[in-house]
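Just so you know, the sequences run in chain order A and B.
Throughout the first sequence, residue numbering follows our numbering, covering 227 to 352 in sequence.
Throughout the second sequence, residue numbering follows our numbering, covering 311 to 793 in sequence.
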Amino acid sequence: MSILKFSKTHEWAKIDNNTAVIGISDYAQHSLGDIVFIEVPKVKDKVKAGSQFGTIESTKAASELYSPLSGEVIEINKDLINNPQWVNESPLERGWMIKIKIENNSEVNNLLDEAAYKDFVAKESH
Amino acid sequence: MDNRLIFEKSDEGRKSNYVKKPAIELKEPGQILPANLLREALPLPSLGELEVVRHYTNLSKLNFSLDTNFYPLGSCTMKYNPKINEELSSLEGFLNIHPFQSEACLSGALELIYNLEALLSEITGMKRFSFQASSGAQGELTGMLMIRKYHKVMKNKKRKVIVPDSSHGTNPATSSMCGYETVVVESNPDGLIDLDKLSKVVDGETAAIMLTNPNTLGLFEENILEVADIIHKNGGLLYYDGANFNALLGITTPRLMGFDVIHLNLHKTFSTPHGCGGPGAGAVGVVDRLTDFLPAPVIDKKKDKFYFNYKIKHSIGKVRAFYGNFSVLVRAYVYLLRLGREGLLRVSQNAVLNANYIREKLKNDYNVASNKPSMHEVVFSCTRQKEKGVPALDIAKRLIDYGMHPPTMYFPLIVKEALMVEPTETESRKTLDYFIDCMLKINREIEQNAQTLHDAPHTTPVKRVDEVRAARNPDLRWRFSAK
């Protein structure tokens with residue numbers, strides 16, 4: 227069974243053994259507003275925990291996407307590129323962005339579980 | 311209102327001879343160009359002179375401009391452009407010159423650029439300027455290309471450029487265009503550069519830091535000398551984004567703050583036309599050790615004669631055809647001569663006073679983004695309004711109903727529900743009071759009738775545009791084939 231974790235930069239990772247699917251949280255999509263453009267890396271590119279892996283643009287602003295975990299990209303959500311609104315409509319399902327092969331499982335411990343992330347968001351929005 | 315494009319108004323066979331006949335005899339294109347470079351006539355619209363006049367006069371009536379309304383767009387310095395600038399830049403001698411004339415024929419124009427350079431050097435402390443770049447962003451790129459070349463010639467191994475998280479979007483974009491990795495440094499809770507965090511990311515591979523001062527929160531970076539020290543000790547350079555220079559004229563200089571390369575937006579601080587009303591001019595200034603890298607040519611003087619000097623040892627080359635937007639330079643020169651040293655100082659003092667007047671009058675009703683004193687612009691954070699269901703966007707749109715251009719919204723990115731207000735020095739207290747009254751009124755409307763705000767603006771021919779559709783499926787041009 228996969229586990230869901232969050233980063234303080236508002237990305238999520240659904241971890242299944244040694245792979246993880248990555249996207250942005252409902253709070254993040256809500257703060258950004260209508261998403262109009264997404265740029266993600268290519269398959270086989272490396273991503274690093276805490277480093278930028280892509281760009282997301284809403285009608286308000288362009289923002290960086292930070293990877294919650296390090297690893298190699300093994301799949302990208304190609305359909306999302308032409309349907310950026312999916313990030314708004316379904317941030318945790320259809321709005322997924324990349325799937326990676328996890329390089330270092332211990333990094334998972336640095337992430338927040340859903341309850342802790344909710345607390346973090348509650349504090350940040352005040 | 312008739313919203314059709316002029317192409318859609320075309321009426322086959324209608325025409326007018328409203329194009330002035332030139333004084334010289336014209337050749338047919340076929341007499342000058344080879345056949346393969348000729349194209350068939352363009353399907354331009356056919357209309358009579360009166361129809362064309364009406365089309366554009368009606369369009370111009372829809373225009374929202376500084377000449378018609380208060381325009382407090384933050385970080386843009388939408389100050390009034392005195393009409394004498396227009397008058398003098400339209401003098402025959404300036405208007406009808408051509409860059410292919412000989413230097414001897416152009417000496418007046420060259421002298422003006424030479425003198426403008428001297429004035430801006432004094433105002434900023436820079437050694438030399440280039441006026442080729444025709445926008446702030448192009449000025450930035452020019453400046454950063456010089457920094458890149460400097461490091462290359464000095465054989466410095468540099469990899470990254472630092473920008474604060476409050477920086478203008480063009481800063482990281484420019485750094486990337488120059489092939490550097492952009493490293494973002496978080497601001498401290500006051501909205502200023504965090505020296506500890508900065509020290510951690512600066513090392514021998516740091517090519518430069520790009521800063522705006524006052525920064526985009528309208529705050530003076532009070533630790534600028536320490537920042538300069540950290541960067542210089544690591545062999546990096548300081549780039550000054552002149553977007554907010556309107557706060558500092560005659561008070562301090564980028565040179566005193568430790569900057570090595572700067573750009574000035576003549577269309578902001580120096581009262582030349584701005585935005586789509588441009589064209590713009592991004593004057594790029596450098597300290598002594600970077601003059602060898604300026605775009606060629608610069609204008610020099612030998613025995614009372616002005617000439618284009620192409621002999622610049624490590625020049626990055628040209629960044630624009632000819633010599634930038636010359637008539638813009640005339641306007642900036644007129645502005646400087648009219649104001650003089652004392653006048654320029656008062657420009658900045660009044661710009662800062664006006665912003666702080668608005669801040670003081672609104673601070674009880676709208677949160678201010680930082681407790682530090684404001685310079686020439688003030689950033690509000692409309693979080694209290696947002697909690698009541700009215701985001702900064704609605705407030706901005708409602709201001710249009712009251713006859714004012716909205717301030718900058720949702721920027722800087724580190725401020726939630728940001729509204730950035732820059733009134734500039736050219737507004738009267740009466741105008742500022744009207745703006746303040748309207749902002750207070752809008753705040754009351756949130757309680758009384760929030761729907762009015764959600765639906766604003768009510769008074770414009772076009773209401774809220776579908777920004778999402780426009781961004782996702784932009785339709786940017788008229789297609790001739792549509793027929």
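Even for Gly, the Cβ is constructed at its ideal location relative to N, Cα and C.
Verify the CB distance criterion: does residue i have a CB-CB separation below 9 Å to chain A?
{"i": "B:ASP487", "result": "One detail in the question is off: residue 487 of chain B reads as Met in this sequence, not Asp. For B:MET487, the answer is no, since every Cβ of chain A falls outside 9 Å of its Cβ."}
{"i": "B:VAL778", "result": "yes"}
{"i": "B:ALA781", "result": "yes"}
{"i": "B:LEU298", "result": "For chain B, the structure presents residues 311 to 793; residue 298 of chain B sits outside this window and is missing."}
{"i": "B:VAL494", "result": "yes"}
{"i": "B:ASP321", "result": "no"}
Which residues share a DSSP beta bridge with residue i?
{"i": "B:ASP610", "result": "B:TYR617"}
{"i": "A:ALA239", "result": "A:LYS231, A:ILE248"}
{"i": "A:ILE282", "result": "A:ILE264, A:SER289"}
{"i": "A:LYS272", "result": "A:GLU298"}
{"i": "B:MET714", "result": "B:PHE380"}
{"i": "B:THR522", "result": "B:ASP551"}
{"i": "B:MET719", "result": "B:LEU729"}
{"i": "B:GLY528", "result": "Answer is none; B:GLY528 lacks a bridge partner."}
{"i": "B:ALA631", "result": "Its beta-bridge partners do not exist; DSSP assigns none."}
{"i": "B:THR516", "result": "B:LYS470"}
{"i": "B:ASN677", "result": "B:SER691"}
{"i": "B:ALA780", "result": "Paired residues: none, contrary to the question."}
{"i": "B:ALA593", "result": "B:LEU574"}
What residue range is occupied by the uninterrupted beta strand (DSSP E) comprising residue i?
{"i": "B:TYR645", "result": "Taken as a continuous stretch (DSSP letters only), B:TYR645 belongs to no beta strand (DSSP E), being part of the alpha helix (DSSP H) at 636-672."}
{"i": "B:SER440", "result": "438-440"}
{"i": "B:ALA728", "result": "728-731"}
{"i": "B:HIS573", "result": "571-575"}
{"i": "A:LYS325", "result": "324-328"}
{"i": "B:GLU491", "result": "491-495"}
{"i": "B:VAL772", "result": "Per DSSP, B:VAL772 belongs to no beta strand (DSSP E) and is neither H nor E."}
{"i": "B:VAL597", "result": "No beta strand (DSSP E) contains B:VAL597, which DSSP labels as neither H nor E."}
{"i": "B:SER691", "result": "688-691"}
Output the boundary residues of the alpha helix (DSSP H) element that contains residue i.
{"i": "B:LEU315", "result": "Counting along the chain, B:LEU315 falls outside any alpha helix (DSSP H), and DSSP gives it neither H nor E."}
{"i": "B:ASN753", "result": "739-765"}
{"i": "B:HIS808", "result": "It is not possible to answer for residue 808 of chain B, since the shown part of chain B is limited to 311 through 793."}
{"i": "B:LYS698", "result": "Where B:LYS698 is concerned, there is no enclosing alpha helix (DSSP H), given that its DSSP letter is neither H nor E."}
{"i": "B:PHE404", "result": "402-405"}
{"i": "A:PHE346", "result": "340-350"}
{"i": "B:VAL511", "result": "505-511"}
{"i": "B:ARG789", "result": "That residue, B:ARG789, is in no alpha helix (DSSP H); it is neither H nor E in DSSP."}
{"i": "A:ASP305", "result": "304-308"}
{"i": "B:GLU397", "result": "393-399"}
{"i": "B:ASN533", "result": "Per DSSP, B:ASN533 belongs to no alpha helix (DSSP H) and is neither H nor E."}
{"i": "B:GLU735", "result": "No alpha helix (DSSP H) holds B:GLU735; DSSP gives it neither H nor E."}
{"i": "A:GLU315", "result": "312-315"}
So is residue i in contact with chain B if we call contact Cβ pairs under 9 Å?
{"i": "A:SER289", "result": "yes"}
{"i": "A:GLN255", "result": "no"}
{"i": "A:GLU237", "result": "no"}
{"i": "A:ALA348", "result": "no"}
Taking 8 Å as the cut-off, is the CB of residue i close to at least one heavy atom of the ligand GTP?
{"i": "B:LYS393", "result": "With respect to small molecules bound, the structure shown includes none, and the ligand GTP cannot be examined in it."}
Unbroken stretches of the beta strand (DSSP E), 3 residues or longer, contained in the stretch 537-568 of chain B | 547-551
Looking at chain A, which residues of the stretch 690-721 of chain B have a Cβ within less than 7 Å of any of its Cβ atoms?
-> TYR720
Proximal residues, the stretch 258-277 of chain A versus chain B, C-beta separation under 8 Å | ASP260, VAL262, PHE263
Pick out the complete alpha helix (DSSP H) segments inside the stretch 324-382 of chain B, 4 residues or longer, and give them in chain order.
-> 339-342, 359-371
Contact residues within the stretch 421-455 of chain B, judged by C-beta distance below 8 Å to chain A | none
Can you list, in chain order, the residues of the stretch 472-487 of chain B whose Cβ is nearer than 9 Å to any Cβ on chain A?
-> GLY479
Contained alpha helix (DSSP H) runs [length at least 4] in the stretch 413-485 of chain B, N- to C-terminal order | 417-434, 446-463
May I ask you to list, following chain order, the residues of the stretch 723-751 of chain B that have a beta carbon less than 9 Å from some beta carbon of chain A?
-> LEU723, LYS726
Contact set between the stretch 283-316 of chain A and chain B, restricted to residues whose Cβ is under 9 Å from the partner = GLU283, SER284, THR285, LYS286, ALA287, ALA288, SER289, GLU290, PRO310, GLN311
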